[in-house]
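Each remark here refers to the structure printed beneath this line.
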Amino acid sequence: AQKITQTQPGMFVQEKEAVTLDCTYDTSDQSYGLFWYKQPSSGEMIFLIYQGSYDEQNATEGRYSLNFQKARKSANLVISASQLGDSAMYFCAMREGRLDAGNMLTFGGGTRLMVKP
Amino acid sequence: DAGITQSPRHKVTETGTPVTLRCHQTENHRYMYWYRQDPGHGLRLIHYSYGVKDTDKGEVSDGYSVSRSKTEDFLLTLESATSSQTSVYFCAIIQDRDSTEAFFGQGTRLTVV
Numbered sequence: 421a422q423k424i425t426q427t428q429p430g431m432f433v434q435e436k437e438a439v440t441l442d443c444t445y446d447t448s449d450q451s452y453g454l455f456w457y458k459q460p461s462s463g464e465m466i467f468l469i470y471q472g473s474y475d476e477q478n479a480t481e482g483r484y485s486l487n488f489q490k491a492r493k494s495a496n497l498v499i500s501a502s503q504l505g506d507s508a509m510y511f512c513a514m515r516e517g518r519l520d521a522g523n524m525l526t527f528g529g530g531t532r533l534m535v536k537p
Numbered sequence: 231d232a233g234i235t236q237s238p239r240h241k242v243t244e245t246g247t248p249v250t251l252r253c254h255q256t257e258n259h260r261y262m263y264w265y266r267q268d269p270g271h272g273l274r275l276i277h278y279s280y281g282v283k284d285t286d287k288g289e290v291s292d293g294y295s296v297s298r299s300k301t302e303d304f305l306l307t308l309e310s311a312t313s314s315q316t317s318v319y320f321c322a323i324i325q326d327r328d329s330t331e332a333f334f335g336q337g338t339r340l341t342v343v
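Line by line, the protein sequences give chains A and B. Okay, so the first sequence: first residue is 421 according to the working numbering, each after it adds one. Okay, so the second sequence: first residue is 231 according to the working numbering, each after it adds one.
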């Protein structure tokens with residue numbers, strides 16, 4: 421079974437509008453972390469935001485926020501006021517904190533976001 | 231930027247030849263990871279390490295081996311390269327169990343012909 425699922429292979433959003441990228445995860449651990457990364461066409465991986473499983477508040481970083489719903493095991497990324505430079509691949513990832521897991525870090529299949537002018 | 235370097239950045243090799251990719255870090259981070267990235271599959275974990283000489287398999291480990299004889303270096307070896315191993319390979323590092331960010335190398339584009 422997939423640990424991280426991103427159900428939207430591709431999405432369009434109008435410039436200046438908000439967009440939500442979906443991510444669901446599967447773990448039996450109590451302690452874990454969730455990440456979002458951006459990969460522009462140049463190929464580098466850019467860290468966006470992090471949410472710990474024990475964090476009670478949703479994480480925010482500038483225009484990025486993470487809608488964390490623990491009971492539903494979802495960690496959706498919200499980008500407000502989209503810009504043309506937001507066009508990229510976006511990956512959700514999970515770090516599992518089991519003592520015997522060696523801190524495994526697994527990624528979803530990604531969502532390609534395209535911002536329309 | 232975290233000090234993480236992958237080498238080589240590009241490589242073309244022939245089927246059946248051995249290939250070793252190197253991930254080098256200057257951060258003294260405990261955890262290191264190797265991924266491959268293919269269209270439609272995101273980043274898939276090949277192997278990871280949680281300390282010197284401590285490694286474990288990821289979801290796509292067949293055909294790959296790794297070694298970590300010192301903290302700063304994590305080597306990925308394709309014992310006998312196949313065309314299905316043509317991919318972009320990324321290395322990542324995490325400082326400790328509770329880290330809130332993973333740092334990535336620039337990637338290695340490997341083509342097996």
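All residues carry an ideal CB built from backbone N, CA and C; glycine is no exception.
Counting only the Cα atoms, L273 (chain B) lies some 9 Å from F511 (chain A). Each of B:Q267, B:T285, B:S299 was checked against the Cα of M509 (chain A), and the nearest Cα belongs to B:Q267.
At least one CB atom of chain B sits nearer than 9 Å to the CB of F467 (chain A).
For C253 (chain B), the uninterrupted beta strand (DSSP E) run begins and ends at 249 to 255, by DSSP.
Apart from sequence neighbours up to five positions away, the residues of its chain that approach S500 (chain A) with a beta-carbon distance below 7 Å are A438, R483, ordered along the chain. Rounded to whole angstroms, the separation of the alpha carbons of E257 (chain B) and I469 (chain A) is 21 Å. Annotated three-state conformation of G482 (chain A) is coil, per DSSP. Listed by position along chain A, the residues whose Cβ is nearer than 8 Å to that of L251 (chain B) form an empty set, because the closest Cβ is around 16 Å away. Annotation for Y452 (chain A): S473, M514, R515, E516, G517 place their beta carbon closer than 7 Å to its own, counting only its chain and skipping 5 residues before and after. For the pair T243 (chain B) and A311 (chain B), the CB atoms are nearer than the 9 Å cut-off.
Put simply, the CB of V318 (chain B) is near chain A, with a gap under 9 Å to one of its CB atoms.
Pairing V282 (chain B) with T301 (chain B), the inter-Cα distance amounts to about 6 Å. In terms of beta-carbon proximity, Y457 (chain A) lines the interface with chain B, with at least one pair separated by less than 9 Å.
Q315 (chain B) has a beta carbon lying at 9 Å or more from every beta carbon in chain A.
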